[in-house]
Amino acid sequence: MKNSEKEITFPFENIEKMDRVVNEPARFSIMCYLFKANSIDFMKLLKMSGLTQGNLSFHLKKLEEAQFISVEKKFVNRKPLTEVTITESGKASLKYYKDILLSMFKTSGIK
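Just so we're aligned: the sequence shown equals residues 889 to 999 in the numbering used here.
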């Protein structure tokens, strides 16, 4: 074994702890937007994300099934409004995801 291989200790077990729902790039971005804003209407999220309506709807459905977000459809001034809100479970999952990544970076020596 090479010296450089002996020095590397990487927490591979943490990779399996990462939530696959949050790990997808589009969903990760959506969760980050929501973490900061707490609640965003669908059209604003559509513009911010750069996704198509169908793609955004697909990812929101996955996040809603995981109970990381809630989606409420209502009318405001007789106009339909779909509001997306991050749940406490969603916030906790995103924080946990961050902690795992930071741990992996720290352990691997990435600064």
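Ideal Cβ placement from N, Cα and C applies to all residues, glycine included. Just so you know, these numbers come straight off a predicted model, no measurement behind them.
When Cβ pairs closer than 8 Å are counted between the two stretches, the stretch 984-997 is seen not to touch the stretch 940-947, the count staying below three.
Of Asn911, Lys950, Ile918 and Phe946, the smallest CA-CA separation from Lys935 is found for Ile918.
The Cβ atoms of Ile998 and Leu922 do not sit closer than 9 Å to each other. Taking the CA atoms as reference points, Ile957 sits about 21 Å from Val964. Distance check between Lys961 and each of Val910, Ser927 and Asn911 places Ser927 closest, using alpha-carbon atoms only. Excluding five sequence positions before and after Phe930, the CB atoms of its chain that fall closer than 7 Å to its own CB belong to Thr970 and Val972, given in chain order.
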